[in-house]
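From first to last, the protein sequence lines are chains A and B. The working numbering applies: residue 819 is where the first sequence begins, and numbers increase by one. The working numbering applies: residue 595 is where the second sequence begins, and numbers increase by one. Don't be surprised by glycine CBs; every beta carbon is placed ideally from N, CA and C. Comments concern the structure below.
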Amino acid sequence: MNFLKTLGQYFILMGKVFSRPEKARIYYRRTMFEMEALGFNSIVITAIISFFIGAVITIQMAINLESPFIPPMMIGYTTRETMVLEFASTVTALILAGKVGSSIASEIGTMRITEQIDALEIMGVNSASYLILPKVAASMIFFPLLTVLSIFVGVVGGYIMCMFGGVCAPEDYLTGLYFDFRPYSITYTLLKMVVFAYIITSVSAFYGYNARGNSLEVGRASTKAVVISCIVILLMDLVMTQLMLLR
Amino acid sequence: MIRAEHITKSFEGRTVLNDISATFEKGKTNLIIGRSGSGKTVFLKSLVGLHPVDSGEIYYGDTCFTRLGFRELKAIRRDMGMIFQGGALLDSSSVEENVKLPLDLFTTQSEHEKMERVNFCLERVNLHGANHLYPSELSGGMVKRVAIARAIVLNPKYLFCDEPNSGLDPMTSVVIDHLIQEITKEYNITTIINTHDMNSVMGIGEKIIYIHEGRKWWEGSSADILTSTNKELNEFVFASELAKAARAKL
Ligand SMILES: Nc1ncnc2c1ncn2[C@@H]1O[C@H](COP(=O)(O)OP(=O)(O)O)[C@@H](O)[C@H]1O
Ligand SMILES: [Mg+2]
Chain A
819 MNFLKTLGQY
829 FILMGKVFSR
839 PEKARIYYRR
849 TMFEMEALGF
859 NSIVITAIIS
869 FFIGAVITIQ
879 MAINLESPFI
889 PPMMIGYTTR
899 ETMVLEFAST
909 VTALILAGKV
919 GSSIASEIGT
929 MRITEQIDAL
939 EIMGVNSASY
949 LILPKVAASM
959 IFFPLLTVLS
969 IFVGVVGGYI
979 MCMFGGVCAP
989 EDYLTGLYFD
999 FRPYSITYTL
1009 LKMVVFAYII
1019 TSVSAFYGYN
1029 ARGNSLEVGR
1039 ASTKAVVISC
1049 IVILLMDLVM
1059 TQLMLLR
Chain B
595 MIRAEHITKS
605 FEGRTVLNDI
615 SATFEKGKTN
625 LIIGRSGSGK
635 TVFLKSLVGL
645 HPVDSGEIYY
655 GDTCFTRLGF
665 RELKAIRRDM
675 GMIFQGGALL
685 DSSSVEENVK
695 LPLDLFTTQS
705 EHEKMERVNF
715 CLERVNLHGA
725 NHLYPSELSG
735 GMVKRVAIAR
745 AIVLNPKYLF
755 CDEPNSGLDP
765 MTSVVIDHLI
775 QEITKEYNIT
785 TIINTHDMNS
795 VMGIGEKIIY
805 IHEGRKWWEG
815 SSADILTSTN
825 KELNEFVFAS
835 ELAKAARAKL
């Protein structure tokens, strides 16, 4: 019952977010600002994590695929597939849910309890749209770029392990990288990330926007935003994989 | 002029405003006074539509505010300025951007015209030169003054102030009170101020409404308030030792 009420409130807020926007030029400016705050500032963390995961996957694969019946290029192939299909979108999204989601929820939650949202409303601004739409738009545009970055850096991480860790011959790794490449996998992972970007920003904004009371409540809203975003991301991952890959 | 008729509002079954009717006059500083938790903020936010009321009507001039559609509501909000208890400046924007925002959103003025208006308003509240400071770098009194500048930037017909001098020292409080009163006279604004500060009441209380536990208990002017025989009002007015001593001398 409570769940249905929350879901209803979420859709009502989304209705407000996507209705009657203010001046286009102001939205453009704010979207650019959010691209920097939410997207650009997440590049480093995405790169670091992707590099290490790429390197570790390569080592794991080298250990597990050690068999005369499996060609060594399979190490490069599996590293690529793992990065493209799952890590660069889903796992990156989970990390971004922690970083970006908690910051959105606490920013908007603080604006709520310090009456900044009321101040916008009094000016005649559609506060939900003014605050949330630029964040949603910026992340839906920028996060897929982070996915591309993550694939690239992860694969490079694996390659460097081959060069300097000696887990696999670099030529075999490269052969594996190009083996049986299907562009559709990229479409699939980018599309997933667009959906995840929407989930992270809208769910976090929802919990922030409905925060009441004091800083304790803002903290709770921020935790809830991250947890719920992660769960919804994993659910959508399952659904989209069923729809897009199992055909 | 703003008129409230039989306003009732409750939260989760608990009545916070109970059948309040009041008239607020143009060109005057109208005060709503009462103890903490008496319902002043809820009443003020009901008047501006931030809290939907359960029953009763609110009129702005001849317009029935409680029955407005989205478009008309937006139009009338351009004539409203509000100063919130904590200032409610946007944290991520500088003083200048905060004051300029309403101009950006609702006018087609050139950047130059907007900046002129922003600087004029900052000048009016004695804050020239603070343009590029951020809210976290301002003192309590400065925050309130920026909030006043933002509230008057679109030349409002109605000005609402929720405890404009809470958290300020007595001297700064007097400065803010007089600033609000001067602006009210200068532009003939209908100003409504929430306060529990007796200094404000005596200083700028032209019309006063006393709210006690969600009901209107008394109304009058600052001249009447000292001679009123209303028991609850007297308890509120003469709560401090200073006020008691002053009454003894009357
Ligand atoms: N959003 C809200 N939800 C539930 N109760 C509220 C809300 N806002 C105010 N109240 C209650 O209404 C009463 C009056 O509050 P308020 O108007 O803020 O008092 P004050 O006169 O100090 O401004 C308080 O008891 C408060 O707990
Ligand atoms: Mg209050």
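Item to complete: Mark B/K738 as exposed unless 16 or more other C-beta atoms lie within 10 angstroms of its C-beta, in which case mark it buried.
Response: Translated into positions along the second sequence, residue 738 of chain B becomes position 144. Looking at its Cβ environment, which holds 16 or more other Cβ atoms inside 10 Å, B/K738 is buried.
Worksheet item: When the cut-off is 9 Å and only beta carbons count, does B/L667 lie next to chain A?
Response: For the purposes of this step, residue 667 of chain B is taken as residue 73 along the second sequence, with counting starting at 1. It does: the Cβ of B/L667 has a partner Cβ on chain A nearer than 9 Å.
Discussion item. Would B/I774 and B/P764 qualify as a contact pair, given that the criterion is a beta-carbon distance under 9 Å?
Written reply: Here residue 774 of chain B refers to the residue found at position 180 when the second sequence is read from its first residue. Here residue 764 of chain B refers to the residue found at position 170 when the second sequence is read from its first residue. No, these two residues do not count as a Cβ contact at 9 Å.
Worksheet item: In angstroms, rounded to a whole number, what distance separates the CA positions of A/E852 and A/L967?
Response: For the purposes of this step, residue 852 of chain A is taken as residue 34 along the first sequence, with counting starting at 1. For the purposes of this step, residue 967 of chain A is taken as residue 149 along the first sequence, with counting starting at 1. In a straight line, the C-alpha of A/E852 is about 19 Å away from that of A/L967.
Worksheet item: Cβ of A/R1030 versus every heavy atom of ligand 1: is any distance shorter than 8 Å?
Response: Here residue 1030 of chain A corresponds to residue number 212 of the first sequence, with the count starting at 1. Correct: A/R1030 has its Cβ closer than 8 Å to ligand 1.
Fill in: Closest Cα partner of A/S947 within the set A/D990, A/T1019 and A/I867
Start at 1 with the first residue of the first sequence, and residue 947 of chain A comes out as number 129. Comparing alpha carbon positions, the residue from A/D990, A/T1019 and A/I867 closest to A/S947 is A/T1019.
Item to complete: Mind reading off the beta-carbon distance from A/S920 to A/A1043? Whole number of angstroms is fine, and I expect it under 8 Å.
Response: Within the first sequence, residue 920 of chain A is the residue found at index 102, counting from 1. Within the first sequence, residue 1043 of chain A is the residue found at index 225, counting from 1. The C-beta distance from A/S920 to A/A1043 rounds to 6 Å, short enough to meet the 8 Å contact threshold.
Discussion item. For ligand 1, is there any heavy atom lying closer than 8 Å to the beta carbon of B/K536?
Written reply: For chain B, the structure presents residues 595 to 844; residue 536 of chain B sits outside this window and is missing.
Discussion item. Using a strict less-than 5 Å threshold between each residue's beta carbon and the heavy atoms of ligand 1, what residues do you get?
Written reply: One residue list follows from the rule of a beta carbon closer than 5 Å to any heavy atom of ligand 1, given in chain order as B/F605, B/V610, B/S630, B/G631, B/S632, B/G633, B/K634, B/T635 and B/V636.
Practice prompt. Mark A/R847 as exposed unless 16 or more other C-beta atoms lie within 10 angstroms of its C-beta, in which case mark it buried.
Written response: For this step, residue 847 of chain A is matched to residue 29 along the first sequence. By the C-beta density criterion, A/R847 is exposed, having fewer than 16 other C-beta atoms within 10 angstroms.
Fill in: Proximity winner among A/G972, A/F1024, A/L938 and A/V1012, relative to A/I866 (alpha-carbon distances)
Along the first sequence, one-based indexing puts residue 866 of chain A at 48. Among A/G972, A/F1024, A/L938 and A/V1012, the Cα nearest to that of A/I866 is on A/G972.
Worksheet item: Taking the alpha helix (DSSP H) that A/C1048 falls in, what are its first and last residues?
Response: For the purposes of this step, residue 1048 of chain A is identified with residue 230 of the first sequence, where counting begins at 1. Segment S1033 to M1062, the alpha helix (DSSP H) holding A/C1048.
Fill in: Alpha-carbon to alpha-carbon, B/A682 and A/T897
For this step, residue 897 of chain A is matched to residue 79 along the first sequence. For this step, residue 682 of chain B is matched to residue 88 along the second sequence. Taking the straight line joining both Cα atoms gives about 51 Å.
Practice prompt. Please name the residues in the region 936 to 959 of chain A whose beta-carbon is closer than 7 Å to at least one beta-carbon of chain B, in chain order.
Written response: Flagged, chain order: D936, A937, E939, I940, M941, G942 and V943.
Worksheet entry | Alpha carbon of A/T1027 to alpha carbon of A/G927, nearest angstrom | Locating residue 1027 of chain A in the first sequence gives position 209, where the first residue counts as 1. Locating residue 927 of chain A in the first sequence gives position 109, where the first residue counts as 1. Here the sequence assigns Tyr to residue 1027 of chain A, which means Thr is not the residue at that position. When rounded, the separation of the alpha-carbon atoms in A/Y1027 and A/G927 is 6 Å.
Worksheet entry | Burial state of B/C658 (16 or more Cβ within 10 Å) | Along the second sequence, one-based indexing puts residue 658 of chain B at 64. Result: exposed.
Practice prompt. Give me the Cα-Cα distance between A/D990 and A/G894, rounded to the nearest whole angstrom.
Written response: Position 172 of the first sequence, counting from 1, holds the residue named residue 990 of chain A. Position 76 of the first sequence, counting from 1, holds the residue named residue 894 of chain A. Roughly 7 Å between the two C-alpha positions.
Item to complete: Spell out a yes or no on whether the region 717 to 731 of chain B and the region 635 to 647 of chain B are touching, meaning 3 or more CB-CB pairs, one atom from each, closer than 8 Å.
Response: No, they do not touch.
Discussion item. Out of B/R809, B/S816 and B/F700, which one is the CA nearest neighbour of B/R672?
Written reply: Counted from its first residue, the second sequence places residue 672 of chain B at position 78. Nearest option by C-alpha distance: B/F700.
Item to complete: State the DSSP-derived secondary structure class of B/V642, mapped to helix, strand or coil.
Response: In the second sequence, the residue the question calls residue 642 of chain B occupies position 48. Residue state, collapsed to three classes: coil.
Item to complete: Take B/K694 and list the residues in its own chain whose beta-carbon comes closer than 7 Å to its own, dropping the five residues that flank it on each side.
Response: In the second sequence, the residue the question calls residue 694 of chain B occupies position 100. Only K708 and V712 meet the Cβ criterion.
Worksheet entry | Cα-Cα separation, B/I596 to B/N824 | Looking up residue 596 of chain B in the second sequence gives position 2. Looking up residue 824 of chain B in the second sequence gives position 230. For B/I596 and B/N824, the distance between alpha carbons rounds to 26 Å.
Worksheet item: Using a threshold of 8 Å, is the CB atom of A/N820 nearer than that to any non-hydrogen atom of ligand 2?
Response: The count along the first sequence starts at 1 and reaches residue 820 of chain A at position 2. No, since every heavy atom of ligand 2 falls outside the 8 Å radius drawn around the Cβ of A/N820.
Worksheet item: From this set, B/I819, B/K622, B/Y653 and B/I627, which residue's C-alpha is nearest B/I601's C-alpha?
Response: Locating residue 601 of chain B in the second sequence gives position 7, counting from the first residue. Ranking B/I819, B/K622, B/Y653 and B/I627 by Cα distance to B/I601 puts B/Y653 first.
Worksheet item: Residues of chain A with CB under 8 Å from B/G655, in chain order?
Response: The residue you call residue 655 of chain B lines up with position 61 of the second sequence. Simply none; closest approach about 18 Å.
Practice prompt. Step through the CB atoms of chain B and report whether any lies within less than 9 Å of the CB of A/M929.
Written response: Looking up residue 929 of chain A in the first sequence gives position 111. With respect to chain B, the C-beta atom of A/M929 has a partner C-beta closer than 9 Å.
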